[in-house]
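Enquirer:
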Amino acid sequence: MPDKTMLKRKAAGLLHGQRFDEAKNLYLELCADDPGDAESWYMLGAINAQLGDFGEAIRCCHKTLELDARHVDALLILARIRIQQGQPEKAEKALQKLLHIAPRNEDARKGLEFIRQRTAAGKGRPKKAASSRRTSRNPKRLFKQGRQHQQRGEWEAAWEAYREALEAEPRSLALLTHIGLASHMLGRYEAAAAYHERALAIDPGLLEQRYNLGIAYKELTRLPEAATCYQEVLRVQPGNSEAAHGLGIVKIMLGQAREAEHILREALQKQPGNLALRSCLLLALNYHCEDPQILLHEHLEWNRLSHQAAAGPRPHRKERQGRRLRIGYLSPDFCIHPVAFFLEPLLSSHDKSRFEIYCYSNTPRADGITAHLQRHASGWRDIQRLTDEQAARLVERDRIDILVDLAGHTAHNRLGVFAHRPAPVQVSYLGYPNTTGLSAMDYRITDGWADPPGETDQWHSEKLLRLPDGFLCYRPPEGTVVTPPPSAETAAITFGSFNNLAKLAPATIALWSRLLHETPGTRLLLKTRPLADPAARDNVYRQFAAHGIDKDRLELIGWVEGMGGHLNLYGRIDIALDTFPYNGTTTTCEALWMGVPVVTLAGRLHAGRVGVSLLSRVGLGELVATSPEDYIAIASRLAGDHGRLQHLRGSLRQRMMKSTLCDSTGFTRGVEAVYEDLWDEFWHEG
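This note's numbering numbers the first residue of the sequence shown as 944 and each following residue consecutively.
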């Protein structure tokens, strides 16, 4: 990477020239390369605020303050954003904190005075200023300009035009609709929600606005509110497949996969060929169905209904002699996402003298991780606006030898590209715990712990390729410190899980409740973002109460700012509990890295055996249960052995570092050997 000082100078020059998007990309790089640079985070926040992306600006400012609690300018930006969002209490809190640090700061004093005047008046901006702006531009002309920018995919310019027009016509439903859409496309979900709410306050019967508000709420993890929006649309339009799809996703995210299945099957009766609905159904089944026959049948049904099952002959392009093997990775998750975290060690460790790496990105919203991953690719292709056929032609033109899917049937997948058979060898890996069902997908990469030989092969349309040392690699975060287990001070054991609500199946909650009954005095800490919503918390409390567990034995935590804050929370639990039938992956690795042992229940299928793979690789096979009773016995014994908990707390990190789980170089050489074997097999086949 170029010298940091030089990059900052370049970014400053771009800012001076008001080239905000280019400056933002540089600061994304700087933050990705040095996450501890408070000033880069502040500048990224300031640019996002300038661009109107308040959600990202707030996140960056919080990150700045996490690194430098006395950063006055970050507090000032937070206050200004909160004022614009109509949140005077939060703005005042930031300004008071700023004045505590810098008592003579005039900007803070003026800000507080503005808030007091505005509160006293009970209105928005002063009338005179608003009036002058309204007469400065023609709203009809601005709306037309916005539409033109929108048609060209210039969402930032479109958003700005709509915003200016709205100042003149604040009750225009057309403007509110279009700026809401632009906000979605720019990832400004708080703003999008606000615009949709304004439109619905004018006309509550606008179904498109209600549906879009559901999307915004979902992205903000206000899940019960999102579900209500989708349900209201379906009440008026029972055949609305998009609302059914949205409701299905939200129900999965709330841990209600069976309800999601019912909703999606009902929708599929009306539209049996809707592949998006069917992919969503397949995703839901992974969270609660353990019957491999049903799962295989449903995946093959997706393939049949796609009308692309007969992908045609494999393209025989045997011209590789004299050049490197060309690998293509296709994903919608080249961003802050578990797939990207596990892919990064592989991408960064590839032997560039033997392999040429191309990435095909269907990522809805780029971030610092996107910029970081881009640097490891020889070619980077954004395929969001391409049809499946167009994307397939692009892969063919790039002469990709092996194309690897990293999404399966998850959100924003592009399995349709693979159905066109653009590469001679096609592989499913990492992002989905099951078969794709796609006849054009040749192989699936896994390991012998997650998919024991002879036990799961028949439930896949792909041929299984088992890596001998595990199917993924974990790159631990830097700058985290292991702390003693909380029971060392209190003697009371705290169990915990940071898995998302989707994995908290009814069977999981029932078993955890049994464990709490078996271990009096213990507590359970659950942390996942949707639990910031009171309705989501109440739902979890109700589920545990049905099994006789009082609220005072549970601690539910929603959002914790920053990766550092998230990882530090592991210091508050003694033993991590894995979910089933869909195990944790990232959360298990994080817990082990922070010295917290994980108890898992081995299932029949890959989704329920990831814990077996991870624990076996770090020498903790004794924490793998083979039955619910065994799970309770293992967790209870561990809870009663404080000496062992202390030992594991101090030794797990070193054990991980010495294991294959964290050996990115060795892992990558193993994957590369598989790729070369696959190509040799293709090369020599008749």
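We put the CB at the ideal spot given by N, CA and C, even for glycine.
Just to confirm the assignment, what range does the alpha helix (DSSP H) spanning Cys1532 have?
Expert: Here residue 1532 refers to the residue found at position 589 of the sequence shown. Per DSSP, Cys1532 belongs to the alpha helix (DSSP H) from 1529-1536.
Enquirer: In the structure shown, what three-state DSSP assignment does Lys1040 receive?
Expert: Your numbering for residue 1040 matches position 97 in the sequence shown. Looking at Lys1040 - three-state DSSP - the assignment turns out to be helix.
Enquirer: For the beta strand (DSSP E) containing Leu1346, name the first residue and the last one.
Expert: Locating residue 1346 in the sequence shown gives position 403, where the first residue counts as 1. Counting along the chain, the beta strand (DSSP E) containing Leu1346 begins and ends at 1345-1348.
Enquirer: Opposite Tyr1301 in the DSSP bridges: which residues?
Expert: The residue given as residue 1301 occupies position 358 in the sequence shown. DSSP output for Tyr1301 lists Gly1271, Gly1322 as bridge partner(s).
Enquirer: Looking at the secondary structure, which residues open and close the alpha helix (DSSP H) in which Asp1331 lies?
Expert: As a working mapping, residue 1331 is identified with position 388 in the sequence shown. Its alpha helix (DSSP H) spans residues 1331-1340.
Enquirer: Which residues bound the beta strand (DSSP E) around Lys1470?
Expert: By one-based count along the sequence shown, residue 1470 stands at place 527. It spans 1466-1470 - the beta strand (DSSP E) in which Lys1470 sits, taken as one unbroken run.
Enquirer: Could you tell me whether the Cβ atoms of Asn1442 and Arg1357 are closer together than 7 Å?
Expert: To locate residue 1442, count along the sequence shown from 1; it is residue 499. To locate residue 1357, count along the sequence shown from 1; it is residue 414. It is not a contact, given that the beta carbons lie outside the stated cut-off.
Enquirer: So what does DSSP say about Ala954, is it helix, strand or coil?
Expert: Along the sequence shown, read from residue 1 onward, the residue named residue 954 stands at position 11. Note: Ala954 maps to helix in three-state DSSP.
Enquirer: Counting only runs that start and end within the stretch 1488-1527, where is the alpha helix (DSSP H) found for 4 or more residues in a row?
Expert: The qualifying runs are 1505-1511.
Enquirer: Starting from Arg1387, follow the beta strand (DSSP E) in both directions and report where the run begins and ends.
Expert: Position 444 of the sequence shown, counting from 1, holds the residue named residue 1387. Start and end: 1386-1390.
Enquirer: Select from Ile1145, Cys1532, Ala1393 the residue whose C-alpha is nearest the C-alpha of Arg1418.
Expert: By one-based count along the sequence shown, residue 1418 stands at place 475. Among Ile1145, Cys1532, Ala1393, the Cα nearest to that of Arg1418 belongs to Cys1532.
Enquirer: Is DSSP giving Glu1624 helix, strand or coil here?
Expert: Walking along the sequence shown from the start, residue 1624 turns up at place 681. In this structure, Glu1624 counts as helix in the three-state DSSP scheme.
Enquirer: Our contact map puts Ala1203 next to Ile1195 with C-beta atoms below 8 Å; I'd like the distance itself, whole angstroms only.
Expert: For the purposes of this step, residue 1203 is taken as residue 260 along the sequence shown, with counting starting at 1. For the purposes of this step, residue 1195 is taken as residue 252 along the sequence shown, with counting starting at 1. Confirmed, about 5 Å.
Enquirer: Within a Cβ cutoff of 6 Å, which residues of the same chain sit near Leu890, ignoring the five residues on either side of it in sequence?
Expert: As displayed, the chain neither begins before 944 nor continues past 1629, which places residue 890 out of reach and without an answer.
Enquirer: Using C-beta distances below 6 Å, list every residue in its chain close to Phe1610, excluding the 5 sequence neighbours before and after it, in chain order.
Expert: Residue numbering aside, residue 1610 sits at position 667 when the sequence shown is read from its first letter. So the qualifying residues of the chain are Cys1416.
Enquirer: Near Gly1613, which residues of its chain fall below 8 Å by C-beta distance, leaving aside the five closest residues on each side in sequence?
Expert: For this step, residue 1613 is matched to residue 670 along the sequence shown. So the qualifying residues of the chain are Leu1410, Pro1411, Asp1412.
Enquirer: For His1242, which of Leu1381, Lys1213, Ala1111, Val1542 has the nearest alpha-carbon?
Expert: Position 299 of the sequence shown, counting from 1, holds the residue named residue 1242. It is Leu1381 whose Cα lies nearest to the Cα of His1242.
Enquirer: Considering just the uninterrupted stretch of the alpha helix (DSSP H) at Phe1438, what are its terminal residues?
Expert: Sequence index remark: in the sequence shown, residue 1438 carries index 495 (1-based). It is not in any alpha helix (DSSP H) - Phe1438 instead sits in the beta strand (DSSP E) that spans 1437-1440.
Enquirer: Considering only residues of the stretch 1349-1374, which uninterrupted alpha helix (DSSP H) runs meet the minimum length of 4 residues and lie entirely inside it, listed in chain order?
Expert: Segments of the alpha helix (DSSP H) lying fully in the stretch 1349-1374: 1358-1362.
Enquirer: Consult DSSP for Ala1568 and reduce its assignment to one of helix, strand or coil.
Expert: As a working note, residue 1568 is residue 625 in the sequence shown. Note: Ala1568 maps to strand in three-state DSSP.
Enquirer: Give every residue of the same chain whose Cβ lies closer than 8 Å to the Cβ of Ser1456, excluding the five residues on either side of it in the sequence, and list them in chain order.
Expert: By 1-based counting over the sequence shown, the position of residue 1456 is 513. Same-chain partners within the cutoff: Phe1487, His1490, Gly1491, Ile1492.
Enquirer: Compute the beta-carbon to beta-carbon distance between Thr1378 and Ser1404, rounded to the nearest angstrom, for a pair I have assumed lies under 8 Å.
Expert: Looking up residue 1378 in the sequence shown gives position 435. Looking up residue 1404 in the sequence shown gives position 461. Between Ser1404 and Thr1378 the Cβ distance is about 5 Å, and since that is below 8 Å, they are a contact.
Enquirer: Is the CB-CB distance between Tyr1138 and Leu1119 below 7 Å?
Expert: Indexing the sequence shown from 1 puts residue 1138 at position 195. Indexing the sequence shown from 1 puts residue 1119 at position 176. Yes; because the gap between Cβ atoms is below 7 Å, this pair is in contact.
Enquirer: Does the Cβ of Ser1296 have 16 or more other Cβ atoms within 10 Å, making it buried, or fewer, making it exposed?
Expert: For this step, residue 1296 is matched to residue 353 along the sequence shown. Ser1296 should be labelled exposed.
Enquirer: For Thr1543, which beta-bridge partners are listed by DSSP?
Expert: Position 600 of the sequence shown, counting from 1, holds the residue named residue 1543. In DSSP, Thr1543 forms a bridge with Val1567.
Enquirer: Touching or not, the stretch 1551-1563 and the stretch 1585-1599, by the rule of three or more beta carbon pairs under 8 Å?
Expert: Yes, since at least three Cβ pairs between the stretch 1551-1563 and the stretch 1585-1599 fall closer than 8 Å, the two stretches touch.
Enquirer: Asp1385 to Arg1336, Cα distance in whole Å?
Expert: Here the question's residue 1385 lines up with position 442 in the sequence shown. Here the question's residue 1336 lines up with position 393 in the sequence shown. Taking the straight line joining both Cα atoms gives about 19 Å.
Enquirer: Short check: CB of Ile1575 to CB of Leu1458, under 7 Å?
Expert: The residue given as residue 1575 occupies position 632 in the sequence shown. The residue given as residue 1458 occupies position 515 in the sequence shown. A contact, by the Cβ cut-off of 7 Å.
Enquirer: Tell me which residue opens and which closes the alpha helix (DSSP H) that Leu973 is part of.
Expert: In the sequence shown, residue 973 corresponds to position 30, counting from 1. First-last of the alpha helix (DSSP H) with Leu973: 963-976.
Enquirer: Buried or exposed: Val1179, going by 16 or more other Cβ atoms within 10 Å of its Cβ?
Expert: Counted from its first residue, the sequence shown places residue 1179 at position 236. Counting Cβ neighbours within 10 Å, Val1179 comes out exposed, since fewer than 16 surround it.
Enquirer: With a threshold of 8 Å, are at least 3 pairs of Cβ atoms found where one atom belongs to the stretch 1359-1370 and the other to the stretch 1230-1237?
Expert: The stretch 1359-1370, when compared against the stretch 1230-1237, does not touch it at the 8 Å Cβ threshold.
Enquirer: Please state if the CB of Leu1197 and the CB of Leu1156 are separated by a distance shorter than 7 Å.
Expert: Indexing the sequence shown from 1 puts residue 1156 at position 213. Indexing the sequence shown from 1 puts residue 1197 at position 254. Going by C-beta atoms, Leu1156 is not nearer than 7 Å to Leu1197.
Enquirer: What would DSSP say about Arg1480, mapped onto helix, strand or coil?
Expert: Along the sequence shown, one-based indexing puts residue 1480 at 537. In this structure, Arg1480 counts as helix in the three-state DSSP scheme.
Enquirer: Whole alpha helix (DSSP H) runs in the stretch 1155-1236 with 4 or more residues, listed along the chain?
Expert: Complete alpha helix (DSSP H) runs here, min 4: 1166-1179, 1184-1196, 1200-1213, 1218-1229.
Enquirer: Candidates Asp1623, Gln1028, Phe1057, Glu982: which alpha carbon is nearest Asp1344's?
Expert: Residue 1344 sits at position 401 when you count from the first residue of the sequence shown. Looking at the Cα atoms, Asp1623 is the closest of the given residues.
Enquirer: With 16 as the cutoff for other CB atoms within 10 Å, does Trp1392 come out buried or exposed?
Expert: Indexing the sequence shown from 1 puts residue 1392 at position 449. So Trp1392 counts as buried.
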